[in-house]
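*Asks:* With the sequence shown counted from 1, adding 107 to any position gets you this note's numbering. C-beta atoms are modelled at their ideal positions from N, C-alpha and C, and glycine is treated no differently. I have a structure I would like to understand better, so I am pasting it below and will then ask my questions one at a time.
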Amino acid sequence: MHLCVEAPGTFCHLAIYETGKKQGVRIPFSPEERVGDLWMMELAGDDFSGLEYTIETEQGELPDPCGRIYTGHERWGDLKAALRPVRCRFPEETYDWEMDQLLKHPYDETILYRLHVRGFTRHTSSGTGERGTFRALTEKIPYLKELGITAVELMMPNEFQEVMMEDGADGNPYATGTPTGRLNYWGYGAGYLFAPKASYTSGKEKEPEREFKDLVKEFHKNDIEVLVELYFTGEESAALAQEAVRFWVYEYHVDGVHLSGFAPAELLASDPLLADTKLLAASWDGVRVPKTAAAPKLRERRWHLGEYNEGFLIDMRRVLKGDEDQVGRLIYQTRRNPDAYGVINYMAATNGFTMMDMVSCEQKHNEANGENNRDGSDYNYTWNCGVEGTTRKKKIVQMRKKQLRNAFLLLFLSQGTPMFLAGDEFGNSQNGNNNAYCQDNEISWLNWHQLETNRDIYEFVKYMIAFRKAHPVFHLPVEPKNIDYLVCGHPDVSYHGVKTWCPEFENFRRQLGILYCGEYGRRADGTSDDYFFVAYNMHWEPHEFDLPKLPKGMQWTLCINTDDADNNGICPSESLEAGQEPQEELRQYMVPPRSILVFRGFKPISGPASEKDGKKAGKVVKSVKRQNVRKEPAKEAETVVAAAREL
């Protein structure tokens, strides 16, 4: 086994112990095998099981900062273990990856799901074996696959000291101090960047490396990418940070790394060994990526750099709550998809409200954190729908679910990559806590009973994921240009007010129509996508929208209506399509307050029995549509069909 240790000073020793023993053997590194501050040693033998080691330098006896397995961290939140010295185990040298490779899903085809390994399955309702572990997460793969997830991001799966110490000692993984009694649940802070977390491992014989590799391999078999979040304090050398990212990619086969904290972004972005790896960061603006003659254009590598788009959260929450002067921001965020990198759009983040709390609270409720509610952001851009916090009032509950449907529509109908937090798909709440960094309890654990309680929310999210995947106009590989550069008769994307081709940007406007030309979206089989018109009315009053004129022979049908609580926002559009007589072309539609409607352009299959009957049927349809202000479209569709059959 080859060892290489970075240590300034005049000497460096390798201290080897039998597991749990206090006395060990010290083996000095030879000065002749030193280059700069790097000390090297070759250990003979091939069986190092049952042994632990530390590194002894002029700074004292310390754990290897590049260790791959740490002892003393096997039990989560162990206060006694937090006070004992940390040692490392020698890693296994072999693992059968079974030809596993990176998946390289393009950003525009990715549905990203962010989760906390422990909190995802720790609750008794998770139905998994050893809850809160990598293995338990693997058991949830069928659930994620059914939902439509293509990539998961794991918050800090690396080793860190979760027991928080007084006087900031927890910021140093090598320091000792007095435990505060609180836990660093999220894992932000100094940690061990090369090792999966031992307390996230199942079984008595902790094998974090093997269990994490099993997890990645199983996710890949199900065509789901695995990304990890690593936190860099800025005190690590750029070389160490680069080596850590490379290590997770090549040793653990992760598909991407979320660079949190102070990572050397420019160095990592230009690393040729990471060219096929998703690298997510808060921003790539100002980061220079060297180009060579052999390097492809950045957009051709559609799975590399990605930006966490916090602006989407701020702007779209303000759109959702009906703030004034947001039409321009709605256009910008639904369209944004730059060439240099992908954008990760989200409505909720870990350090903020969940999506359910976003529509239930206007103020943070962080009293449980023990900081007198002073921690956490005061800028949440939320509306509680009339009552702060939990309520049983039917109208409030209905409005909150409607706002959630609106929020998911804003997310899934925007260009770029949608990301949401685990549990948002079934209304997970943290009781208004927008900074649950120290809450290792039911505040931050997912309660899977909510999946049945809020089955309607889950079904809508599942439907919207499938809808987005089926229609490439909502996830184009390039940013829409708002011009008809292919001469299809319509721009790729165009913007409208309540009157077609007349977008309204006055500060009091809260309405916008977006027309998507299906000719610019190509399905996998090479066929063009459908036409879509999305009518956004975030005002608290109804507004009648003119519908854009479609190509000859096509008609509009309503397929999504977030105001339709009876049908969970999903319209039975087939009742207005195949086998039905052609309708008189819809020209206007009354959009209810705080609602988003999606119309799809289609070609009817069958014609009317006669021209006279066709006109009569169209008049009936138009009459029914004119009456609709808050009527449910599913019932409306049944009325239309019944009226047509009577003709």
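Please report the straight-line C-alpha distance between Phe-118 and Glu-139, rounded to a whole angstrom.
*Replies:* Walking along the sequence shown from the start, residue 118 turns up at place 11. Walking along the sequence shown from the start, residue 139 turns up at place 32. Put simply, the backbone Cα of Phe-118 is about 12 Å away from that of Glu-139.
*Asks:* Tell me the DSSP secondary structure of Ala-642 in three-state form.
*Replies:* Position 535 of the sequence shown holds residue 642. Of the three classes helix, strand and coil, the one that applies to Ala-642 here is strand, per DSSP.
*Asks:* Skipping 5 residues on each side, what residues in its chain have a beta carbon closer than 6 Å to that of Cys-173?
*Replies:* The residue you call residue 173 lines up with position 66 of the sequence shown. Excluding sequence neighbours, Cys-173 sits near Phe-301.
*Asks:* Taking Gln-805 as the reference, give the member of Tyr-439, Lys-576, Pro-115 with the closest Cα.
*Replies:* Missing from the structure shown is residue 805; the chain here goes from 108 to 754 and no further.
*Asks:* Would you kindly work out how many angstroms separate the C-alpha atoms of Cys-111 and Gly-435, rounded to a whole number?
*Replies:* Your numbering for residue 111 matches position 4 in the sequence shown. Your numbering for residue 435 matches position 328 in the sequence shown. Straight-line Cα distance between these residues: approximately 55 Å.
*Asks:* With which residues is Ala-345 paired in a DSSP beta bridge?
*Replies:* As a working mapping, residue 345 is identified with position 238 in the sequence shown. BP columns for Ala-345 are empty, so no partner.
*Asks:* So what does Gly-363 bridge to, in DSSP terms?
*Replies:* Here the question's residue 363 lines up with position 256 in the sequence shown. The partner list for Gly-363 (beta bridge, DSSP) reads Leu-334, Lys-385.
*Asks:* Which runs of the alpha helix (DSSP H) spanning at least 4 residues fall entirely within the stretch 178-252, listed in chain order?
*Replies:* Runs of the alpha helix (DSSP H) inside the stretch 178-252: 186-189, 224-228, 241-246.
*Asks:* Please report the straight-line C-alpha distance between Leu-210 and Glu-216, rounded to a whole angstrom.
*Replies:* The count along the sequence shown starts at 1 and reaches residue 210 at position 103. The count along the sequence shown starts at 1 and reaches residue 216 at position 109. Roughly 12 Å between the two C-alpha positions.
*Asks:* For Arg-575, does the count of other Cβ atoms within 10 angstroms reach 16, so buried, or fall short, so exposed?
*Replies:* Against the sequence shown, residue 575 aligns to sequence position 468. With 16 or more Cβ atoms within 10 Å of its Cβ, Arg-575 is classed as buried.
*Asks:* According to the neighbour-count rule (16 or more other Cβ atoms, all chains shown, within 10 Å of its Cβ), is Trp-608 buried or exposed?
*Replies:* The count along the sequence shown starts at 1 and reaches residue 608 at position 501. With fewer than 16 other Cβ atoms within 10 Å, it is exposed.
*Asks:* Below 8 Å, how does it come out for the stretch 514-526 and the stretch 547-560: are there three or more Cβ pairs, yes or no?
*Replies:* no
*Asks:* Please state the DSSP three-state secondary structure of Tyr-281.
*Replies:* Reading the sequence shown from its first residue, position 174 is the one you call residue 281. Since pLDDT at Tyr-281 reaches only 47, below the 50 mark, its modelled position is unreliable, and no value is offered.
*Asks:* Could you tell me which residues DSSP pairs with Glu-125 in its beta bridges?
*Replies:* Taking the sequence shown and counting its residues from 1, the one referred to as residue 125 is at position 18. The partner list for Glu-125 (beta bridge, DSSP) reads Leu-158.
*Asks:* Are the stretch 561-569 and the stretch 506-513 touching, with three or more C-beta to C-beta distances below 8 Å?
*Replies:* yes
*Asks:* Evaluate Arg-238 with the Cβ neighbour count: other Cβ atoms within 10 Å of its Cβ, from every protein chain shown; 16 or more gives buried, anything less gives exposed.
*Replies:* Taking the sequence shown and counting its residues from 1, the one referred to as residue 238 is at position 131. Arg-238 should be labelled buried.
*Asks:* Smallest Cα separation from Arg-617: which of Glu-431, Arg-499, Ser-601, Lys-656?
*Replies:* Within the sequence shown, the letter at position 510 stands for residue 617. Taking only the C-alpha atoms, the option nearest Arg-617 is Glu-431.
*Asks:* What is the DSSP secondary structure of His-120, reduced to helix, strand or coil?
*Replies:* The count along the sequence shown starts at 1 and reaches residue 120 at position 13. If DSSP states are grouped into helix, strand and coil, His-120 belongs with the strands.
*Asks:* Per DSSP, His-582 is paired with what?
*Replies:* Here residue 582 refers to the residue found at position 475 of the sequence shown. According to DSSP, His-582 bridges with nothing at all.
*Asks:* Smallest Cα separation from Arg-221: which of Gly-393, Pro-213, Leu-261?
*Replies:* Counting from one through the sequence shown, the residue named residue 221 turns up at place 114. Among Gly-393, Pro-213, Leu-261, the Cα nearest to that of Arg-221 belongs to Leu-261.
*Asks:* Between the C-alpha atoms of Phe-615 and Arg-317, what's the straight-line distance to the nearest angstrom?
*Replies:* Indexing the sequence shown from 1 puts residue 615 at position 508. Indexing the sequence shown from 1 puts residue 317 at position 210. For Phe-615 and Arg-317, the distance between alpha carbons rounds to 58 Å.
*Asks:* List the DSSP bridge partners of Ala-258.
*Replies:* For the purposes of this step, residue 258 is taken as the residue at position 151 of the sequence shown. Beta-bridge pairing links Ala-258 to Leu-219, Glu-332.
*Asks:* Who does Arg-141 pair with in a DSSP beta bridge?
*Replies:* Within the sequence shown, numbered from 1, the residue matching residue 141 stands at position 34. Trp-146, per the DSSP bridge assignment.
*Asks:* What do you get for Met-571, buried or exposed, if any count of 16 or more other CB atoms within 10 angstroms of its CB means buried?
*Replies:* Walking along the sequence shown from the start, residue 571 turns up at place 464. Buried is the call here.
*Asks:* On the CB-based measure, 16 or more other CB atoms within 10 Å of its CB, does Pro-379 come out buried or exposed?
*Replies:* For the purposes of this step, residue 379 is identified with residue 272 of the sequence shown, where counting begins at 1. Classification for Pro-379: exposed.
*Asks:* Using alpha carbons as the reference points, say which of Met-147, Arg-225, Glu-199 lies closest to Gly-184.
*Replies:* Here the question's residue 184 lines up with position 77 in the sequence shown. The candidate whose alpha carbon is nearest that of Gly-184 is Arg-225.
*Asks:* Return yes when the Cβ of Pro-584 is within less than 8 Å of the Cβ of Ile-590, no when it is not.
*Replies:* Within the sequence shown, the letter at position 483 stands for residue 590. Within the sequence shown, the letter at position 477 stands for residue 584. Contact flag unset, no.
*Asks:* I'd like to know whether the C-beta atoms of Gly-298 and Asn-265 end up nearer to each other than 8 Å.
*Replies:* Within the sequence shown, numbered from 1, the residue matching residue 298 stands at position 191. Within the sequence shown, numbered from 1, the residue matching residue 265 stands at position 158. Taking 8 Å as the Cβ cut-off, Gly-298 and Asn-265 qualify as a contacting pair.
*Asks:* Grab the span of the alpha helix (DSSP H) containing Asp-446 for me, first residue to last.
*Replies:* Residue mapping note: residue 446 aligns to position 339 of the sequence shown, counting from 1. In the DSSP assignment, Asp-446 falls outside any alpha helix (DSSP H) and carries neither an H nor an E.
*Asks:* Identify the residues that DSSP records as bridge partners of Arg-629: which are they?
*Replies:* Counted from its first residue, the sequence shown places residue 629 at position 522. According to DSSP, residue pairing for Arg-629 in a beta bridge involves Ser-635.
*Asks:* In whole angstroms, what separates the C-alpha of Glu-743 from that of Gly-234?
*Replies:* Position 636 of the sequence shown, counting from 1, holds the residue named residue 743. Position 127 of the sequence shown, counting from 1, holds the residue named residue 234. Low confidence applies to Glu-743: its pLDDT is 40, below 50, so where it sits in the model is not reliable, and the reading given next is rough at best. Distance between the alpha carbons of Glu-743 and Gly-234: 41 Å.
*Asks:* Which residue's Cα is closest to the Cα of Tyr-250: Ser-309, Phe-227, Leu-619?
*Replies:* Position 143 of the sequence shown, counted from the first residue, corresponds to residue 250. Nearest to Tyr-250 by C-alpha distance, out of Ser-309, Phe-227, Leu-619, is Phe-227.
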